[in-house]
Structures are given as C-alpha cells and as structure tokens.
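These protein sequence lines map, in sequence, to chains G and C.
Numbers 0 to 506, taken from numbering that gives the first Met the number 0, label the letters of the first sequence in order.
Numbers 0 to 189, taken from numbering that gives the first Met the number 0, label the letters of the second sequence in order.
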Amino acid sequence: MDAFLAFFTIFTQPELLLLVGVGTFAGVYIGAIPGLSVTMAVSILISFTFSWDVYPAISLMVGIYMGGVYGGSRTAILLNIPGAPSAIATALDGYPMALRGEAGQAIGVTTVMSFFGGFIGILVLALAAPFVSDFALSFQPRDYMLLAVLGILLVGSLSQGSLVKGIFAGALGIAIGAVGRDPLTFTERFTFDLPVMQGGISFIAVMIGMFGVSEALLQLHHVGLPAVRQKITRIVPSFGTVRKYLPLALQTSSIGVIIGALPGTGGDIAALMAYDHAKRVTKKPARPFGQGAMEGLVAPETANNAAVGGAFIPMMTLGIPGDAVTAIMIGALFIHGLNPGPMLMIDKPDMFWFIVGALVTANFFMLLFGLTGIRIFTKIVEMPRSVLIPLILLLSIVGAYAVNNSLTDVYWMLGFGVFGYFMRHYGYPLGPVILGVILSRLLDDNWRRAIISEREDLGRFFHGILTSPLSLVLFLTVLFIFFSQTPLWHKLKARLLRDRTAEEAEQ
Amino acid sequence: MDEEFHGHGEHHDGSSDATPGGYEDSRRPGELAFAIFLLLASGYLLKEAYGISGFEALSGPGVVPMGTTAVMLITALIAVLTTWRRPLLTTETIAKDILPLRVIVFVVLIVSYGLLLKPVGFLPTSAIFLILAIKFLDPRSWLFATAVALFSLILVWFVFRIIFTVLMPAGIVPEAEMVQALRDLFGGAK
C-alpha cells in the first residue's frame, strides 16, 4: 500500500509535474518532425539526465515518450509524412482528410482517441501487468516469426491497389532490412563488398526518403494549386462522435496493449494491426478506407498510444523492452542503480507506481497540448508549396543526417526518395516497404531460432506449430489473412452474398 | 469525383499510400520499363542472396534473404506480365505526367546538395539550395526567395544545431566558433 502512494508523488511535487509537461510538449513536436525519432530524443536525454535524481529523469522521459508517439500523427495528417513509424497507418486516412480541408477535425479526433488509448494502456499496465507479461513470456520464437509474417501480410489492408505489388513491396522491405552483417554469424549480406554497406541501411533514412522526399517530389506536380484552407472551427470532437467510435476504440486499444506488451513489437505494429482490424469490422464507413475514413484514424491512434502502457509491462516485470524507447529506458534505470525485471517489482514497487503516475499525467498533458496547439500546426499546410517543398526536403536531409551523423544516410534517403516517387506513380504502396524493414530482423532472427530449436527439421517445425495452441491460432490467422486477400476469396464472398440475397428474396 | 476533394487523385500518383497511383485497366508511360527494372533487380538480388550461404542449412544467414528475393522475383514477374497485357494510356506522357522538368531539376538540386554538403558545409549549401529552390518554384523576386530562405534556414539551424545539438558538416563556415560565441553571449563571458 505504501508503494501505491508513489503514484501520487508526481501530483505533489510541482517540479516533477513541470518536467512531465515539458517532456510531453517537446515529445509532441519531436514526434511530429520526420526523422527526429522519440528513440533518438530519449537516448540523447539520458546523457543529460544521468546526474539527476531518478524521479525527475523518468518524468521527462515518460513525457517525451507519450507525447512523441502521439506527435507522429500531426505531420502524417498534415503532410502525409509520418513523424514516426507508429503514425504510418494514420497517414492513410488522415492525409486525405487534410486534403479536403478537414485537418482540424482529424487532429481533434486523433487527440481524443490517443488519450483514450493511452488511458486504457495505462489501466491495463496498472491492473494486469503480471498476467499480460506471463502471456508474452509464453511466446516461442516460431510465434514471433508468425507474428512478423502476419504483420507483413497486412499489406493487402494497407493498399487498395494490387496485392502482387503490395507483396513485392513487403518483400523488398525485408531484403532492405537484411542488408549489412548478419548479427548471428557476422556474414555479409547484400553488401556488394562495399564497406559502407556493412552497417546496414538505417530504416529512418528509408522512411524519410520514401515518405518525405517522394512526397515533396509529388507535390511538385501541384505547385500552381492554391493551398487548402483547413477548417478548424471544431477541434474538440462532439460527444456523439466520440461515443460512436468508442466501441472500435476499445477493441483497438486492446490490440494496442497486447501488441505493445510483446517484446520487440511496438506502437508501429499495433497501429497497423488495429487499422487492419478496423477495416475488417467496419461494415459501412462514412468514407472508404484510404479516402478519409474516421475509423482509419481512430484505430491506429488508440492502438499506438495503448501500446505505450503495454510496452512498459514486459519492461517493468521482466526487464525485456517492449520497444526501442523502453529499451533505452531500461538503460536509464540501470544508470540510476535500478534493476528492471521481476526483482524491481519486489524490491522497488514504488518505482512501478511512480511510472504509472507519470504516464497518467503525461496522457493528460498530451490531451491538453494536442487540443490547444492545432491552429499553429495547421498553418504549416497553408504555407505556399513553393516554400513548403524545399523546406520538407531540407528537414528530410537534416533528419536523415541526424540519425547517425552520416552522409551515407542522406544518400540512402535521396535514393529511396526518387525510387519511392516512381513506386507511387506506378501503384506500388510504400507502407509495406517500411513495415518489411521494421519486421525484417524479427522475422529473420526468430525463423532461425525456431528452426535451430527443431534441429533443422521442417517436419518438426510444423509439428510444433500444429501442437501448440498459440502457434496454431497464429498460423491459421496467417493463412486466413492471406487467403482473404486473394481473388478466389472475393469471388467466394460475392457468391455467398448473392446466394444469401437470393434466399432472402425468396423468403 | 467528389467536388469537395482537393486532392490530386486524377493524377493517379499515389497521394496516399492507401490509394496508390496507376490504373487498373491501362498502363502509364514508363510503367512497363519500371516493372522490368524491378524484375531484373530482383533476379540479381536473388543471385546475391544465394551467394550468402546457399542451401547449406535452413538456419543459414542467406535463407530469409533468398526467400524474400524469390518472392520479389515472382511478384515482379507477375507485375511485368499484367502490366504488359494492359493497353498504354494515350492521354499521358512521361515528360508531362511522370517526369516533368520541374522534378528533374529538383532531383539534380537535391543530389547536388548531397554532394556539396560535406565539402562546403551545411549552412552555405542549405542557403543556396533554399534560395534556388524557392526562386525556381515561386515567380516572386530574388529578394523574396532570399529572405524566406535565410529566415527558414536560421530557424532550422537554431532548432537542430543549438537545441538538439545535431552536428551538421561545418565545411567552409567556422560553425563551432559561431556556436561558442552565441553561448558566450547568452552564458556571459568568464
């Protein structure tokens, strides 16, 4: 009970409250700038805060994390450039809304739903941390591999275009992710004997190039068009709107928490899976998905913020990071003499409750800053394209360089930018490429671990899948998702629908 | 098309990733060449992937690269065949709809920017890039382009260099001395 009182520490110490507020504010803006990742911001912060007390240091980092996950949606909606990978799915419907002049409405809904998702994530973290972490612990390498395949198969949901082009894009992403030295055997892969390729290709550079540079090049086709004035008269969504999307938000928050709690996955995968879920369960969206469906905003935004709470579960209870940011935060806790893992919950339960308190506060700050700062942000898109395009390119170059202070990343970014420009023209979706790059390592490592543990025997590997309930469910889901995207399924569905309509007509 | 829609769907250029460009029933200029390029590149990558570890073990470092490049090759082949079958769109040209002069100029500008960034430095290269790019796109005067470019550059430099301490190539500009002078100004001389 004494430990639980640590939950209120943040509310009784004004300087901690201020640090969470400053962190959240900075996080929203850092998250919104493509190339400036929250991971980078938190890792830079460690060097500034390691001489601080642990509570202020954690307060600032938690604020940046929560704000940053949300902030990525801003530029995704306004410029079609996701500030962070977790906002890729948000761009799919958010940007078409901004093109219609509805950026204010889109940002208002994403802010409220991010708050809702964040709240659910924290609630689950506080109430069910031990149970959820037990569940995540029971995942075998083959389950992680299946999860990665599942993620890549979402390409069909990500693009309305050709499934073949979507799969090509996903596979290309995995190949890009494999470039460099293999971490297990140190073998060179796709390096072409060039030393500069041995370190691999930064996925931030790929992301900025594909989304930032290609978008700027596409915008060149429309320089003469007047900027779209954004309708921002109603920022706070009505109670009716919130109530309408609440059931979906609850479902996608659950997806966010579960995916966030799985080590190695994070808000990006959670958002994509939630988007796919929304597409499947929404029978009649007001607008089609990909053209400004509100459900397409609600789902990823609740899920990626719910994943924040989820990511803390394995971090706090097992010492396994839920995502890149929590991996850095584990390092920060070590620097402060704490040992994240099961013993932390026993030895320092007050730390757990303090972090829960900081997350709750950051979530409220996010709502506050999100709803009050929209007008300034929407001005970005009202800038003339003649200024905006060169600035996007400049920011993309600085962002790509900032990742590793390397010009190589800038060249990669430019190359992928031009390549992405052609891909967009010819109907190859970009989202799956990024998804492939992110999931490449998860897929590769876990395939090899799984097959080694089965003594390189494919028969044993499949037997393992069929005899484990968890693996079997994942495997069947993979099969179903693949099959549901084929023309055969669409034909079957149409036939079933026709038969049912005929039966109803007869009755 | 929805009249209220201010986007550019009519260009089929993939304004959102969920609505990628291209047409279902016809092929855009250059689309077949792009698909063939992807097919050849996939074939080459598959050959490279085989060279990593061949079929020596299912857990070899080349297994996943081989699998993915094989998928790339198969899907690229299907894309070539389907693109080839579709009739060429006669209302579009490469020079007007795919690769207009404006895009070529910008690609040259950003490649030049990348090449000059290290030897010349971030500040002068960015200033030249921004002034040229804004002037190229905006019919207003050189003064306007220069003023907007320099104002934007100072803002970007302040945020990235001073607040986030991102180290950009200094090149010919004594940037470290400038930052130190700025810090002395605000921190007070000691």
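Even for Gly, the Cβ is constructed at its ideal location relative to N, Cα and C.
Q. Roughly how many angstroms lie between the CA atoms of Asn303 (chain G) and His220 (chain G), to the nearest whole one?
A. In this structure, the CA atom of Asn303 (chain G) is about 33 Å from the CA atom of His220 (chain G).
**Q.** Own chain residues within Cβ distance below 8 Å of Glu3 (chain C), not counting five before or after
**A.** Note on Glu3 (chain C): pLDDT 38, under 50, position unreliable in the model; no value is reported.
Q: Go ahead and pull the three-state DSSP assignment for Arg139 (chain C).
A: Here Arg139 (chain C) sits in coil by DSSP.
Q.
Does chain G have any CB closer than 8 Å to the CB of Glu91 (chain C)?
A. At a cut-off of 8 Å between C-beta atoms, Glu91 (chain C) does not count as an interface residue with respect to chain G.
Q) If you check the beta carbons only, do Gly100 (chain G) and Met365 (chain G) fall under 8 Å apart? A) Not a contact, by the Cβ cut-off of 8 Å.
Q) Which runs of the alpha helix (DSSP H) spanning at least 4 residues fall entirely within the stretch 41-108 of chain C, listed in chain order? A) Listed in chain order, the complete alpha helix (DSSP H) runs (minimum 4 residues) inside the stretch 41-108 of chain C are 62-84.
Q | Three-state secondary structure (DSSP) of Glu187 (chain G) | A | It is a strand residue.
Q: Label Met342 (chain G) either buried or exposed according to how many other C-beta atoms from any shown protein chain fall within 10 Å of its C-beta, with 16 as the threshold for buried.
A: Counting Cβ neighbours within 10 Å, Met342 (chain G) comes out exposed, since fewer than 16 surround it.
Q.
I'd like to know if Arg188 (chain G) contacts chain C, where contact means its C-beta is closer than 8 Å to some C-beta of that chain.
A. It does: the Cβ of Arg188 (chain G) has a partner Cβ on chain C nearer than 8 Å.
Q | Three-way DSSP call (helix, strand, coil) for Arg26 (chain C) in this model | A | In this structure, Arg26 (chain C) counts as strand in the three-state DSSP scheme.
Q | Option in G:Leu77, G:Tyr410, G:Glu294 and G:Ile388 with minimal Cα separation from Lys282 (chain G) | A | The shortest C-alpha separation from Lys282 (chain G) is found at G:Glu294.
Q) What does DSSP give as the partner residues of Arg180 (chain G) in its beta bridges? A) In DSSP, Arg180 (chain G) forms a bridge with G:Glu187.
Q) Helix, strand or coil: how does DSSP classify His335 (chain G) here? A) Reduced to three states, the DSSP call for His335 (chain G) is coil.
Q: Quick one: grab the DSSP three-state call for Thr240 (chain G).
A: In the three-state DSSP reduction, Thr240 (chain G) falls in the helix class (H, G or I).
Q. For chain G, is any of its Cβ atoms less than 8 Å away from the one on Lys117 (chain C)?
A. Output row for Lys117 (chain C): interface = yes.
**Q.** Enclosing alpha helix (DSSP H) for Gly220 (chain G) [first to last residue]
**A.** The question names Gly, but residue 220 (chain G) in the sequence shown is His. Premise fails: His220 (chain G) is in no alpha helix (DSSP H) and is neither H nor E.
Q. For the stretch 158-187 of chain C, which segments carrying the alpha helix (DSSP H) assignment without a break, of at least 4 residues, lie completely within its bounds, in sequence order?
A. Here the runs fully enclosed are 174-186.
Q) Who are the Cβ neighbours of Ala147 (chain G) in its own chain at under 6 Å, not counting the five residues just before and after it? A) Leu438, Leu441 and Leu442.
Q.
For a contact defined as C-beta to C-beta under 9 Å, what are the partners of Met167 (chain C) on chain G?
A. Per Cβ cutoff of 9 Å: Val397, Tyr400, Ala401 and Asn404.
(Q) Residues of chain C with CB closer than 7 Å to the CB of Trp488 (chain G), please, in chain order. (A) The contacting residues do not exist; Trp488 (chain G) stays about 18 Å from chain C at best.
Q. Taking the alpha-carbon positions, what's the Leu122 (chain C) to Leu394 (chain G) distance?
A. The C-alpha of Leu394 (chain G) is placed about 13 Å away from the C-alpha of Leu122 (chain C).
Q. When we look at the beta-carbon of Glu14 (chain G) and count the other beta-carbons within 10 Å, is it buried (16 or more) or exposed?
A. Flag for Glu14 (chain G) reads exposed.
Q) Between the beta-carbon of Ile391 (chain G) and the beta-carbon of Leu78 (chain G), is there less than 8 Å? A) Yes, they are a contact pair.
Q: Give the residues of chain C in contact with Ser470 (chain G), contact being defined as C-beta atoms less than 9 Å apart.
A: Around Ser470 (chain G), no beta-carbon contact reaches into chain C at under 9 Å, the shortest distance being about 18 Å.
Q) Given Gly169 (chain G), which residues of its chain have a CB within under 6 Å of its CB, disregarding the five upstream and five downstream residues? A) Within the same chain, Gly169 (chain G) has close Cβ partners Ile151, Val154, Pro431 and Gly435.
Q) Is there a Cβ from chain G that is less than 8 Å from the Cβ of Gly21 (chain C)? A) By this cut-off, Gly21 (chain C) is an interface position.
**Q.** Proximal chain C residues relative to Ala177 (chain G), where beta-carbon distance stays under 7 Å
**A.** Chain C residues near Ala177 (chain G): Val63 and Pro64.
Q: Starting from the beta carbon of Ser111 (chain C), find every residue of chain G whose beta carbon is closer than 7 Å, and list them in chain order.
A: Contact note: Ser111 (chain C) does not reach chain G at a C-beta cutoff of 7 Å; the least C-beta distance is about 11 Å.
(Q) Counting beta carbon pairs with one atom in the stretch 86-93 of chain C and one in the stretch 140-157 of chain C, are three or more of them shorter than 8 Å? (A) Counting Cβ pairs under 8 Å, fewer than three are found: no touch.
Q) If we cut at 8 Å on Cβ distances, does Lys243 (chain G) have a partner in chain C? A) False, the Cβ-Cβ gap to chain C never drops below 8 Å.
Q. Residues of chain C with a CB under 7 Å from the CB of Phe421 (chain G): which are they?
A. Phe33, listed in chain order.
Q.
Between Thr184 (chain G) and chain C, is the shortest Cβ-Cβ distance under 8 Å, so that the two count as touching?
A. Yes, Thr184 (chain G) counts as interfacial toward chain C.
**Q.** Span separating the alpha-carbon of Arg182 (chain C) from that of Val195 (chain G)
**A.** Taking the straight line joining both Cα atoms gives about 36 Å.
Q) Going along chain C, which residues have a C-beta under 8 Å from Leu78 (chain G)? A) By Cβ distance, chain C contributes nothing, its closest Cβ being about 12 Å from Leu78 (chain G), past 8 Å.
Q: List the residues of chain C that Tyr410 (chain G) touches, going by C-beta distances under 8 Å, in chain order.
A: Going along chain C in sequence order, the residues near Tyr410 (chain G) (Cβ under 8 Å) are Gly113.
Q: Report the three-state DSSP secondary structure of Leu429 (chain G) (helix, strand or coil).
A: The three-state secondary structure of Leu429 (chain G), taken from DSSP, is coil.
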